[in-house]
């Protein structure tokens, strides 16, 4: 399929990363992964993605800080990539916090994979 969408999964939990990867690969998405915000920014230096699934609590650089760094990129296409926050601590943040950082949508852990697929499809079409 020539029009395969590229998804970057930024998640420090291997279990969540692998499950998310399997679910989205069944939907014909091309999956790339990173364990922290620094790896996300490094991946963006050499590649483009259609969407980023961003864990909020990661080592080295958390999802909020990484999202702000992406939104500040000079590359207009990369700075506008849709970002879905994935967090188990949504109570620590308000919708305004996510919007202010530049996050398009957020999903609560434990992930509802039907909702994940629906949200990814919505933001990549």
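Numbering (the numbering used here), first residue to last: 11 to 135.
Heads up, the beta-carbon is just placed ideally off N, CA and C, and yes, glycines get one too.
Verify whether the separation of the beta carbon atoms of residue i and residue j is less than 8 Å.
i	j	result
residue 63	residue 14	no
residue 71	residue 57	no
residue 17	residue 61	yes
residue 74	residue 46	no
residue 129	residue 106	no
In the DSSP assignment, what residue or residues form a beta bridge with residue i?
i	result
residue 64	20 and 95
residue 118	97
residue 111	Residue 111 pairs with nothing; no bridge assigned.
What's the gap between the Cα of residue i and the Cα of residue j?
i	j	result
residue 98	residue 25	14 Å
residue 93	residue 77	8 Å
residue 111	residue 34	25 Å
residue 108	residue 87	20 Å
Check each candidate in the options and name the one with the smallest Cα separation from residue i.
i	options	result
residue 23	59, 54, 66 and 85	66
residue 54	117, 28 and 79	79
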